[in-house]
Structure formats: structure tokens, C-alpha cells
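Structure first, then comments.
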Amino acid sequence: MTITSKQPNTGTTIFTVMSKLAADCNALNLSQGFPNFDCSPKLTDLVHHYLKKGMNQYAPMTGIQPLREIIAQKVSDLYGVNYHPEREVTVTTGATEALYAAISAVVHQGDEVILLEPNYDSYAPAIVLNGGTPVYVTLTPENEYRIDWQVVKSKITERTKLIILNTPHNPTGTVLTENDLNQLADIVRDTNILLIGDEVYEHIIFDGRQHWSLLRNETLRERSFICGSFGKTFHITGWKVGYCLAPKELSDELRKVHQWLTFSTMTPVQYALADFLKEPDHYLSIPAFYQAKRDKFLACIKDSRFSYTHAHGSFFQCVNYQQITEENDYDLAIRLTHEIGVASIPVSVFYHQKNDYKILRFCFAKDDETLEKAGERLSKL
Ligand code: PMP
Ligand code: GLN
119 MTITSKQPNT GTTIFTVMSK LAADCNALNL SQGFPNFDCS PKLTDLVHHY
169 LKKGMNQYAP MTGIQPLREI IAQKVSDLYG VNYHPEREVT VTTGATEALY
219 AAISAVVHQG DEVILLEPNY DSYAPAIVLN GGTPVYVTLT PENEYRIDWQ
269 VVKSKITERT KLIILNTPHN PTGTVLTEND LNQLADIVRD TNILLIGDEV
319 YEHIIFDGRQ HWSLLRNETL RERSFICGSF GKTFHITGWK VGYCLAPKEL
369 SDELRKVHQW LTFSTMTPVQ YALADFLKEP DHYLSIPAFY QAKRDKFLAC
419 IKDSRFSYTH AHGSFFQCVN YQQITEENDY DLAIRLTHEI GVASIPVSVF
469 YHQKNDYKIL RFCFAKDDET LEKAGERLSK L
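Taking the working numbering, the leading residue of the sequence shown gets 119, the next gets one more, and so forth.
Shown next as C-alpha cells:
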């Protein structure tokens with residue numbers, strides 16, 4: 119039997135590769151993005167409570183009502199924008215599913231989707247599997263990954279269906295500003311171009327910066343799927359609960375895909391999250407918590423030969439290693455895992471042509487002891 123692969127160029131994700139290597143080498147794993155500390159015991163108690171209470175059957179396809187309601191309430195409180203909990207909020211199995219469903223819902227054969235690279239690895243395969251073509255705008259460390267909106271505009275053709283934005287950004291730690299949103303609005307106004315805002319790091323933002331969600335600009339909001347995840351905000355990446363906010367016409371299409379993809383998301387966890395979200399401090403305390411982690415990691419590598427600009431958001435810090443070696447970033451990430459027992463992610467993997475700017479990404483969502491040990495080892499290079 120022969121199978122014609124639909125993804126002949128797809129291998130295993132770098133996150134899986136590096137986490138496995140870290141485990142095999144017994145290395146400190148600062149590669150794949152997940153915390154090595156636990157979530158609030160209140161949250162696990164709540165899940166336990168709902169498991170014991172028998173909330174163990176299918177949730178409604180769109181998510182349980184109390185969770186949809188409190189998500190809508192939170193967005194209204196934080197950004198003054200209203201989404202209808204029945205029609206415009208959908209609970210998904212992680213942001214990955216929300217992204218896949220949104221892309222599948224709107225991308226037709228021959229459509230173009232603009233991606234700003236470096237970009238998260240799940241976007242391009244989802245576009246291609248739906249017959250679309252990614253069109254890349256390349257951002258570089260030389261100008262701190264700033265977006266030249268004229269370049270974005272120059273990539274638009276009559277086939278452009280969608281632009282995907284990610285703020286705070288994985289892997290670079292940059293964030294969009296109000297000015298970015300205004301410039302994007304000038305480009306898409308009077309077009310049929312749709313948008314996805316991948317905003318899973320919404321609450322992981324530093325130094326007093328504001329999260330400029332696409333939903334804060336009316337021109338953008340009316341054409342946007344906003345994808346979020348509780349994995350990042352509440353230290354529960356393994357639970358895979360996310361959501362998508364979108365105007366009714368877009369949510370209707372997203373739900374048509376979601377119902378065939380996963381249909382619904384784990385019930386007791388949804389009830390637990392609906393209760394946990396009633397206390398805003400659980401997410402309002404997250405920026406300070408992760409800013410302290412970023413600062414701790416940077417203090418631990420301050421005597422190293424890495425150079426960097428502080429991450430503005432996300433739980434990733436990118437560093438340039440040009441003063442240490444000329445190796446390419448992929449080889450270096452592998453070698454450091456073997457030789458000094460510290461695993462990272464080479465940023466070239468987030469570029470479609472694997473551009474190597476000599477940058478590694480470290481995840482600082484780790485306990486202080488791990489950050490100190492990693493810093494000690496990295497400072498010897
Ligand atoms: N988008 C970005 C930018 C991410 O870093 C991640 C990470 N894990 C996801 C989406 C997927 O989120 P989830 O784990 O909720 O599927
Ligand atoms: N988002 C995580 C990262 O960037 C990984 C998620 C995954 O492994 N799929 O490290």
C-alpha cells in the first residue's frame with residue numbers, strides 16, 4: 119500500500135524534539151514553552167469537585183454557558199468590548215484548535231494568508247491543509263522585529279483572505295502597540311480581509327505595557343477571530359482549554375469546523391475554570407509574576423556573553439550568541455543540550471526558510487532554582 123502524504127515536508131515539531139532530547143540528556147528544559155511549577159491548588163480542587171459531582175459527560179458544543187459568560191464578562195471589564203456569550207464566544211480544546219478551526223473556516227483553495235515570521239509553527243500547516251498559501255513578511259532582530267506596515271500592505275493581492283497576528287509574540291517577546299493596530303486598520307478597512315489575533319500570552323506582558331488586543335480597534339474587531347488559552351495564564355498547558363471570540367457570522371463558521379474537529383472540550387475543567395475566573399486577581403497578578411521570572415533569568419545570565427533586549431511579553435527570552443560561536447542556531451541548541459544540559463529552541467525554526475540570525479529562545483516559566491542553574495551553565499560559555 120502506498121500513501122501520498124498530505125504533509126510531505128512536515129516532521130516532528132521542534133518542541134517535541136527538544137523536550138525529548140532534554141529528557142534523554144537529563145538537561146534543564148528551557149525549550150518547549152510550559153511552566154515547571156504547578157497551578158493553583160484552588161484550581162485542581164475545583165476540577166476534583168466537579169469530577170466528583172458527576173460533571174463527566176459531553177459539554178455543549180460551544181462550551182458551557184457559565185464559562186462563555188465569564189469570558190465575555192472579563193473581556194468587557196478589561197477592554198470595554200462586548201461579545202455575546204451565546205453567539206460569539208466558543209470554548210475550544212486549546213488555542214491550537216481555535217486557530218485551526220478559524221483558518222479552516224475561512225481559507226479556500228487558492229487563498230493567500232499573510233504571516234509575519236518568525237511565527238508559531240501551527241499556522242502554515244493549517245493554511246496549506248486547507249488549500250491556501252502562506253505569504254511571508256520577514257521580521258528581523260536587527261530592527262527589533264518591528265513591523266513595517268508598508269511591507270505588509272505590499273503583500274496584499276486580490277487573493278489575500280487572512281492576516282495572522284500574534285501579540286505578545288512567540289518567540290520574540292515583542293508586543294503590538296496601538297499605533298500598529300491603527301496602521302493595520304488603515305490597510306484592511308474597505309477590504310474583505312479577515313484577521314486572526316493569536317493572543318494566548320495576553321496576560322504575560324511587562325513593564326507596564328498594555329495588551330493591544332485586535333478587539334480594541336473596531337475596524338479590526340469586526341473581522342477578527344481572537345484566540346486565547348487558559349494554558350498560559352493559569353499554568354495548565356496540559357489541560358488544553360482555549361477559546362475563540364468572533365462576531366456572530368465568523369463564530370458561526372468557526373463552530374461548523376469545531377463541531378467536526380473536537381465537538382466539545384472537557385466538561386469538569388470548564389466548570390472549574392468558570393469558577394476560578396470569578397476572582398480577577400488570578401489573572402491580574404500574572405504580569406508581575408512573569409516579569410519577576412524574566413528579570414530573574416536575565417540576572418542569571420547577566421555575566422554571560424549573550425546579548426539581548428528584554429522581552430516585552432510572553433514567557434520567552436531571545437538571546438543572540440554571536441560573541442560565543444558561529445555555529446548555526448539549530449546545531450548549537452542540540453549541542454548545548456548534550457554538553458551543558460540546557461535545552462533551548464533555535465529561532466530559525468520559526469522562519470519558513472530557516473533564517474539563522476544566531477538567536478536562541480529560552481522559556482523562563484521555571485522555578486528560580488532551575489533558572490539559576492541554567493544561568494550558571496550558560497554564563498560559562
Ligand atoms: N499560539 C502560540 C503563539 C503559542 O505559543 C501556543 C503554545 N503553546 C499556542 C498558540 C497553542 O496554545 P494551546 O496550548 O492552548 O493550544
Ligand atoms: N507553544 C509552546 C512553545 O512555543 C509549545 C506548544 C507545543 O509544544 N505544541 O514552546
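Beta carbons are placed, not taken as given, at the ideal position from N, Cα and C, and that holds for glycine. As the structure is a prediction and not an experimental result, all values here were calculated from the model.
What does a CB cutoff of less than 7 Å around residue i pick up in its chain, not counting 5 residues either side in sequence?
i    : result
I189 : V207, Y361
D485 : N154, F155
K192 : L395
L185 : V209, Q388, L391, A392
Q301 : W267
S137 : N147, S149, Q150
C472 : Before going further, note that residue 472 is Lys rather than Cys in the sequence given. Counting only Cβ-Cβ distances below 7 Å, and skipping sequence neighbours, we find S466.
C143 : T455, H456, G459
Name the residue from the options whose alpha carbon lies nearest to the alpha carbon of residue i.
i    : options                : result
Y263 : A242, T290, E276, V318 : T290
K476 : E260, Y469, N446, W267 : N446
A303 : K279, R339, H287       : R339
R334 : N237, G250, L299       : L299
C481 : Q471, D449, L416       : L416
K414 : Y176, L257, E487       : E487
T256 : H470, K491, M136, T292 : H470
Y197 : W330, E371, F343, E215 : W330
F381 : G129, Q175, G315, N288 : Q175
V270 : E230, I121, H428       : E230
L379 : P236, E215, E367       : E215
G249 : L217, S240, N261, I221 : I221
F133 : T122, S149, V246, Y201 : S149
V246 : M119, T337, H167, T128 : T128
V135 : K472, T455, H166, A244 : T455
I305 : T337, I314, G315       : T337
S240 : T131, R412, P203, R341 : T131
A244 : Y168, H226, E367, N261 : H226
G315 : L217, Q328, N261       : L217
P203 : A429, A483, L363       : L363
Just confirm the distance between the C-beta atoms of residue i and residue j, as a whole number of angstroms; I'd bet it's less than 8 Å.
i    : j    : result
L146 : V460 : 5 Å
A242 : L234 : With 8 Å as the limit, A242 and L234 do not qualify as a contact, their Cβ atoms being about 12 Å apart.
E371 : G346 : Going by Cβ atoms, the distance from E371 to G346 rounds to 18 Å, so no, they are not a contact pair.
G212 : K358 : 4 Å
Y254 : N288 : Rounded, the Cβ-Cβ distance is 17 Å, inconsistent with contact.
Got a sec? Which residues, its chain only, sit under 6 Å from residue i by beta carbon, not counting five neighbours each side?
i    : result
M173 : T385, P386, Y389
L499 : I442
T285 : V293, L294
L489 : K414, F415, C418
N200 : S194
T251 : E230
I182 : Q388
Hey, how far is the Cα of residue i from the Cα of residue j?
i    : j    : result
R453 : A219 : 37 Å
L496 : R479 : 13 Å
P398 : K124 : 44 Å
K170 : P178 : 19 Å
K350 : E457 : 30 Å
F152 : T180 : 26 Å
R205 : I282 : 23 Å
A410 : D474 : 29 Å
F407 : G326 : 13 Å
N297 : I265 : 11 Å
S403 : P365 : 29 Å
K273 : V224 : 19 Å
Y448 : T292 : 22 Å
T258 : F468 : 12 Å
G356 : T383 : 13 Å
D195 : P126 : 46 Å
E187 : P405 : 24 Å
M119 : L332 : 47 Å
F343 : H428 : 29 Å
P236 : S369 : 28 Å
Y426 : L313 : 31 Å
A141 : I121 : 32 Å
E367 : F348 : 25 Å
R341 : H167 : 39 Å
Sorted by chain position, which residues of the same chain lie with C-beta nearer than 8 Å to residue i's C-beta, five sequence neighbours on each side aside?
i    : result
F394 : S158, K160, L161, L164, F352, H400
G493 : F415, A417, C418, I419, S422
K491 : L146
Between residue i and the ligand SAH, is there a pair consisting of the residue's CB and a ligand heavy atom that are separated by less than 6 Å?
i    : result
G212 : With respect to the ligand SAH, the structure offers nothing, as its ligand set consists of the ligand PMP and the ligand GLN.
Item to check | Three or more C-beta pairs below 8 Å linking the region 428-438 and the region 312-330 | outcome: With a cut-off of 8 Å, the region 312-330 and the region 428-438 count as touching, because enough Cβ pairs lie within range.
Checklist entry - Any contact of the region 366-381 with the region 436-443, i.e. 3+ C-beta pairs under 8 Å? => result No, because fewer than three Cβ pairs between the region 366-381 and the region 436-443 fall closer than 8 Å, the two stretches do not touch.
Item to check | Cβ pair count under 8 Å reaching 3, the region 308-315 against the region 271-279 | outcome: The way I'd put it, the region 308-315 does touch the region 271-279; three or more beta-carbon pairs between them come closer than 8 Å.
Item to check | Three or more C-beta pairs below 8 Å linking the region 412-425 and the region 458-472 | outcome: At 8 Å Cβ cutoff, the stretches do not touch.
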